[in-house]
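Its first residue numbered 1, the sequence shown is counted upward by one per residue in my numbering.
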Amino acid sequence: MAIKNGNNFRYNDINNNEIRESSSIHPLSDMKNIKLPNKNDIHIKNFCKDLNVNFNSIIKKSNKIFSLTFNNVDWMISLEPCDGGGNDRTNKKEKMDNPRKKIEIPFANNKFKELIKNNETILVINVYIPLKNEELDYGNRVYAIVEPEEIYNSKSLTQETWNSSSRWIELKKILQVLNEKIIVQNNSKNLFICNRYDLKMLISNEIKSKYLNCYNNNLLKLVDNWLEVKDMENDLKKYQKFRNIFREKLLLERGWKCEIFNCEVGGKNLLNASHIKPVHSIVHDTRMDKPHKIKEIMDSCNGFLFCPNHDRLFDRFLISFTSGKGEVLISDEVKHQTNYFNLIDMQQTINIIDKNMSNYLIFHNDEFFKRNYIKENQNGKFSK
Ligand SMILES: [Zn+2]
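Shown next as structure tokens:
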């Protein structure tokens, strides 16, 4: 809450490249008092410009949440201007000495809540517009991006209170970004701050790898717990959560398109993550110890991103791929439909990322041959 000092509120902002007290609140600080139409679109348009993404290609999910494809990855973005959160409207000395702006993780927003429950890769970004002669200086916009762990390990989520949660950036840090043109973290190290020229690099490097770490940590916890209590196949909620996170991880690593060559189907909502060596086969493999099981279940090399058709064919062992060159093997059941599925028998159809992937494919091949009554000859040819 704001502390009243007669009628004299004190506000702090970056004005003419200095942190200064001013007589009025930042024009974007309290959005509720602003009635300009499409106020948010200015920020979304600038944001797209900074990422070199066509504004018309974004998909709006709500007033401040939208999705866009950038560097081959579909990102969900929650974008809004940061506000003072009462902090820049005070007469307390310690707050005046180190004025801060508020970044809100909008757990209370229904759309946001839905996306989080789905374990989607979402960036919580606030933009700060400094002032020049008390006017908004859009050219010097600065972005603050919340660390993924802060979102996915927040108490609001783990305890399911769904209260909005705040993080803070010091104006000093924003000034440092503007003057030194570097990427910095806030004092609590729970968000990154950058200027508009570094936004692209920050998201595609640091934030992406932070997200992958966050997913790996959460997958590890889930899988470790399953194998301990052996409830994986009975707890559908946990299993679904695992599947969602595994898929998000593959989407971040491989992009937004079906991995079959010649298949152009893409987009977050159309792709499934298929395990090559199925999870239940790993869980029930008595020759493997727990750490190996965890590794194979979580390993992104043990997965492909496929459109629904190709996912089904692969999942039911109606097609497989040779472990050497990734040539497609087609069962009799679908042989007469290869045109519909854009498949040509024994043509390279998939990229094999590394040796681990080849090993998982050997398992899948064996199962494919068994189920389709095919034997592999010594010379590598297949026969009935
Ligand atoms: Zn496909």
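We treat Cβ as the ideally placed atom computed from N, Cα and C, and that holds for glycine. Quick caveat: nothing in here was measured; it's all calculated off a predicted structure.
| Query | Result |
| --- | --- |
| Segment limits, beta strand (DSSP E) that includes Cys194 | Leu191 to Asn195 |
| Rounded Cβ spacing between Cys214 and Glu149 (contact assumed at less than 8 Å) | 5 Å |
| Through-space distance from Pro278 to Phe192, alpha-carbon basis | 38 Å |
| As assigned by DSSP and simplified to three states, the class of Lys64 | coil |
| Stretch pair the segment 157–166 + the segment 183–201: three plus CB contacts closer than 8 Å | no |
| Pair within 8 Å by beta-carbon distance, Tyr11 and Asp74 | no |
| Straight-line Cα distance separating Tyr138 from Lys60 | 22 Å |
| Where His364 falls: helix, strand or coil (DSSP) | helix |
| Ile260: CB within 7 Å of a non-hydrogen atom of ligand 1 | yes |
| Contacting residues, own chain, Cβ-Cβ under 6 Å from Lys4 (five flanking each side not counted) | Confidence at Lys4 is low in this model, with a pLDDT of 45, below 50, so its placement is unreliable and the value that follows should be read with caution. Hits under 6 Å: none found. |
| beta-carbon Val417 near ligand 1 non-hydrogen atom, thresh 7 Å | Residue 417 cannot be examined here, being either before or after the span of the chain that is shown, 1 to 384. |
| For Leu250 and Gly326, believed in contact at Cβ under 8 Å, the rounded distance | In fact, because the Cβ distance is near 17 Å, the residues do not count as touching under 8 Å. |
| Buried/exposed call for Asn7, threshold 16 Cβ in 10 Å | Summary for Asn7: the model assigns pLDDT 48, below 50, so the residue's position carries little reliability; its value from the coordinates is reported in the next sentence. Exposed is the call here. |
| Option nearest Ile362 by Cα separation, candidates Phe317, Asp345 and Lys268 | Phe317 |
| Whole-angstrom distance between His292 and Ile14, CA atom to CA atom | 53 Å |
| Asn46 vs Arg167 beta-carbon contact at 8 Å | no |
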